[in-house]
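What follows is a set of notes on a single structure, which appears directly below.
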Amino acid sequence: MTDGPLASSKGAVGDSRYAALVVAGLVCQEVGASIAVLLFPQVGALGMVFLRVLFSAVILLPIARPKLRGIRGGAWMTVVGFGLVLALMNGLFYLSIDRIPLGAAVTIEVLGPLVLSVVAARRAIAWLWAGLAAIGVALLGEGSFGRLDLVGVLLAAGAGTAWAFYILLSRQTGRRFAKFDGLAIAMTIGAVASAPFGIASAGAALLRPETLLLGAAVALLSSTIPYGLELLALRHLHAAAFAILLSLAPATAALAGLVLLRQAFTWIGVIAVVLVVSASIGAVWSARRHEPAPESPDEVA
6 MTDGPLASSK
16 GAVGDSRYAA
26 LVVAGLVCQE
36 VGASIAVLLF
46 PQVGALGMVF
56 LRVLFSAVIL
66 LPIARPKLRG
76 IRGGAWMTVV
86 GFGLVLALMN
96 GLFYLSIDRI
106 PLGAAVTIEV
116 LGPLVLSVVA
126 ARRAIAWLWA
136 GLAAIGVALL
146 GEGSFGRLDL
156 VGVLLAAGAG
166 TAWAFYILLS
176 RQTGRRFAKF
186 DGLAIAMTIG
196 AVASAPFGIA
206 SAGAALLRPE
216 TLLLGAAVAL
226 LSSTIPYGLE
236 LLALRHLHAA
246 AFAILLSLAP
256 ATAALAGLVL
266 LRQAFTWIGV
276 IAVVLVVSAS
286 IGAVWSARRH
296 EPAPESPDEV
306 A
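Each residue of the sequence shown is one higher than the one before, counting from 6 in my numbering.
See below:
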């Protein structure tokens with residue numbers, strides 16, 4: 006018997022367990038970003054990007070073992086574009102957190118996916134969430150995280166734009182490649198693309214064992230572990246619930262910056278982050294509410 010309060014309670018407990026996995030993935034990502042910031046004086050932001058993408062590829066390739074035979078021109082164009090955008094997104098983001106606090110950078114960056122959802126929704130209410138997010142970002146400039154460097158803000162906005170393209174290309178890659186094949190190939194392409202900039206930035210520091218170990222740790226925390234946890238969670242959580250949980254990224258980043266990097270922020274900063282998180286959740290909720298109802302078995306038949 007599957008109906009009744011007991012079954013509902015078990016389902017809620019199960020969902021909360023998988024929701025916790027998504028939150029754990031977010032925490033891992035921001036801890037990884039914090040370690041990356043600490044490595045900037047040694048290897049620079051672009052050196053850190055190279056290490057992260059390189060070790061992500063090294064970890065993913067033996068797991069996925071992608072088959073290159075039979076990949077056609079269209080699929081190659083998609084995965085190459087995905088890899089280049091992946092490297093660009095990480096590069097812009099790391100350059101931004103070298104100039105502005107982690108919480109502010111992620112709050113600005115998340116506008117990319119939010120704008121994408123507003124454009125895709127094509128509904129009036131979606132602009133309400135866009136306006137709410139705009140107010141939140143405007144508050145960021147009111148000294149909530151200290152005086153924000155303009156170049157850092159623009160770099161974070163560029164990372165958000167790249168994130169929107171990342172989402173679109175990720176979907177296309179997922180359709181054209183099985184399992185982790187496309188991601189592994191894209192990571193390898195991203196590592197090759199970022200190598201000249203990373204080597205020029207870090208130089209001989211890339212050969213230090215401690216630097217390589219920390220770079221591998223950043224790759225594990227920022228990419229491998231979150232991707233694995235998210236993959237497991239997506240098998241059990243509704244896509245809308247998953248997207249809402251990911252909307253907590255600005256809050257998680259602000260807390261990580263406060264605890265690990267001592268990047269303080271004011272109550273205005275708290276309000277700014279809450280507004281952007283609320284706008285992201287609202288956009289997901291609106292999209293979910295207007296989804297067509299699932300067909301019944303009779304209709305399918």
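We treat Cβ as the ideally placed atom computed from N, Cα and C, and that holds for glycine.
Item: Euclidean distance between Cα positions of F185 and A69; Value: 5 Å
Item: Residues near V32 by beta carbon distance below 7 Å, same chain, minus five either side; Value: T257
Item: For G179 and G88, believed in contact at Cβ under 8 Å, the rounded distance; Value: Wrong, their Cβ atoms sit about 14 Å apart, outside the cutoff.
Item: Unbroken alpha helix (DSSP H) run spanning T229, endpoints; Value: From DSSP, T229 is part of no alpha helix (DSSP H); its letter is neither H nor E.
Item: Proximity of M192 and S61 at Cβ, strictly below 7 Å; Value: yes
Item: Other residues of its chain near D154: CB distance less than 8 Å, five sequence neighbours each side excluded; Value: R104 and I105
Item: Opening and closing residue of the alpha helix (DSSP H) in which P255 lies; Value: A254 to L266
Item: For P106, the three-state DSSP class (helix, strand or coil); Value: coil
Item: Unbroken alpha helix (DSSP H) run spanning V197, endpoints; Value: D186 to A207
Item: Burial state of E215, where buried means 16 or more other Cβ atoms lie within 10 Å; Value: exposed
Item: Environment of A138 [buried if 16+ CB atoms lie within 10 Å]; Value: buried
Item: Proximity below 7 Å, CB of A224 to CB of R57; Value: yes
Item: For R128, the three-state DSSP class (helix, strand or coil); Value: coil
Item: Local conformation of A92 per DSSP, three classes; Value: helix
Item: Top-ranked residue by Cα proximity to V156, from L59, I113, L251 and V281; Value: I113
Item: Same chain, Cβ closer than 7 Å to T166, neighbours up to 5 away in sequence not counted; Value: G117
Item: Proximity winner among L218, L91 and Y232, relative to G163 (alpha-carbon distances); Value: L91
Item: Anticipated Cβ contact below 8 Å, I210 with V115, distance rounded; Value: The question names Ile, yet the displayed sequence has Ala at residue 210. That belief does not hold up - the Cβ atoms of A210 and V115 are roughly 31 Å apart, past 8 Å.
Item: Residue of M94, V142, L263 and L173 minimising C-alpha distance to T83; Value: L173
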